[in-house]
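In this note's numbering, the protein residues as written are 3 to 406.
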């Protein structure tokens, strides 16, 4: 059976966008006890990669450590590209229409080497003992990371889906061997949800390898991992927050994000996500309060916030005010965001220019809007935002219902 590229992209987009942090080794311990993962969950990917590389020097036969290095490399690039925010799943710039992520030749080579080494080591271990759970788990993580890489960097949808399927099958094997291994249910729950959430005409994808999706069952699996898991508990909370937003249940996401923000205080994205959730709930004041807290942390030079560009905060505030119809202050903040657009990740920069154009159009100033739309197209020519901007040049933007 032939599947459309759009259908495959839809599936991979949510898998890649939601799989923010999954990939810890099957030694059942809280990741907060591992300095490398403390850095990782706080988005300190340079430090995380350095830690794992150092560990590899004395444990060169560890497939888990090779996975950790590969994961740190990939997510470091995702952070730079603005690809670790749930709005890319449920907002205005879905992954399947994003341009390829750029990655350095050195990082690409190291990523490939690490994944290849993991698969080599785990294949050897499984040849000796097909029930080796540690090897199965590491192998599944490697396939999952390669799926993310193939989708985000290579835009190779079919190959990415094949790798994602291999990751799922590895975790299914683990659960069949040891049903009490709750943490292995993380990716199974995510797959259940994603396939179950597919539109009817796409749902045939769920039968690849005999797999049937069930959205509600997937959510229950993730909730089980969040409640009873150990090493993947925090991953499950991140995934549930993204899913609750997609399901228009932002109120359920906020306690998860607050818990994560307390555990990983240097991860500013967790507060960014709270802004999005409060905005979805129509709670403008709480959203603005969180933004004020972020700005205060940045001003005081708090760890994790000292290097956060003010322009990013200005964009978030301007975008929030835009959707609430506060056009004059929104335009002021958005202009400040683009004044030094080179300090922004590509996703934020292109959306900031688009919002400026849309704001001008809503104010009846189409000539000014055209200039902003042209900047949008110049910033990221292959993005959905650029395509959208090109249509507004001849057909001025009009307000649409959206959560932004």
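Note that the Cβ used here is the ideal one computed from N, Cα and C, for glycine as well.
Nearest residue (CA-CA) to residue i, options the options
i           : options               : result
residue 360 : 391, 334 and 338      : 391
residue 1   : 179, 182, 178 and 148 : Any answer about residue 1 is impossible in this case: the structure gives the chain only from 3 up to 406.
residue 125 : 144, 107 and 394      : 144
residue 1   : 195, 117 and 236      : In the structure as shown, the chain begins at 3 and stops at 406. Residue 1 is therefore absent and cannot be evaluated.
residue 167 : 43, 234, 293 and 142  : 142
residue 272 : 87, 156 and 254       : 87
residue 292 : 306, 266 and 319      : 319
residue 377 : 351, 362 and 294      : 351
residue 286 : 268, 258 and 326      : 326
residue 189 : 231, 110, 258 and 341 : 231
residue 283 : 270, 256, 368 and 357 : 256
residue 375 : 385, 367 and 358      : 358
residue 233 : 334, 139 and 302      : 139
residue 181 : 215, 194 and 135      : 135
residue 370 : 398, 381 and 385      : 398
residue 111 : 68, 199, 260 and 201  : 68
residue 127 : 246, 63 and 109       : 63
residue 344 : 380, 373, 334 and 368 : 380
residue 199 : 70, 246 and 65        : 246
residue 362 : 258, 395 and 389      : 395
residue 495 : 349, 238 and 314      : A question about residue 495 goes unanswered here, because the residues of the chain that appear run from 3 up to 406.
residue 109 : 133, 130, 132 and 74  : 74
residue 51  : 274, 300 and 70       : 70
residue 133 : 146, 113 and 179      : 179
Assumed close pair residue i, residue j - CB separation to whole angstroms, cut-off 8 angstroms
i           : j           : result
residue 224 : residue 262 : Contact doesn't hold; Cβ gap of about 14 angstroms is too wide.
residue 187 : residue 177 : 6 angstroms
residue 339 : residue 316 : 4 angstroms
residue 53  : residue 41  : 6 angstroms
residue 297 : residue 84  : That belief does not hold up - the Cβ atoms of residue 297 and residue 84 are roughly 19 angstroms apart, past 8 angstroms.
residue 289 : residue 322 : 6 angstroms
residue 353 : residue 387 : 6 angstroms
residue 227 : residue 184 : 6 angstroms
residue 364 : residue 329 : 6 angstroms
residue 306 : residue 269 : 6 angstroms
residue 158 : residue 116 : Contact flag wrong, Cβ pair sits at about 19 angstroms.
residue 243 : residue 259 : 5 angstroms
residue 266 : residue 43  : 5 angstroms
Min CB distance residue i to chain C below 8 angstroms
i           : result
residue 179 : No chain C is present in this structure, which holds just one protein chain.
Cβ contact check for the stretch 216-231 and the stretch 250-257: 3 or more pairs under 8 angstroms: no
Inter-stretch contact at 8 angstroms, needing at least 3 Cβ pairs: the stretch 41-48 / the stretch 72-91: yes
Inter-stretch contact (C-beta, 8 angstroms, three-pair minimum) for the stretch 172-187 and the stretch 150-159: no
Entirely enclosed alpha helix (DSSP H) segments - the stretch 138-190, minimum 4 residues: 159-179
Cβ contact check for the stretch 33-40 and the stretch 105-122: 3 or more pairs under 8 angstroms: no
Given 8 angstroms, three or more beta-carbon pairs between the stretch 276-290 and the stretch 306-315: no
At least 3 beta-carbon pairs within less than 8 angstroms: the stretch 112-122 vs the stretch 156-164: no
Segments of 4+ residues assigned as alpha helix (DSSP H) that fall wholly inside the stretch 45-90: 47-60 and 65-82
Contained alpha helix (DSSP H) runs [length at least 4] in the stretch 233-295, N- to C-terminal order: 235-248, 252-265 and 271-282
Runs of beta strand (DSSP E) lying entirely within the stretch 337-376, each at least 3 residues, in chain order: none
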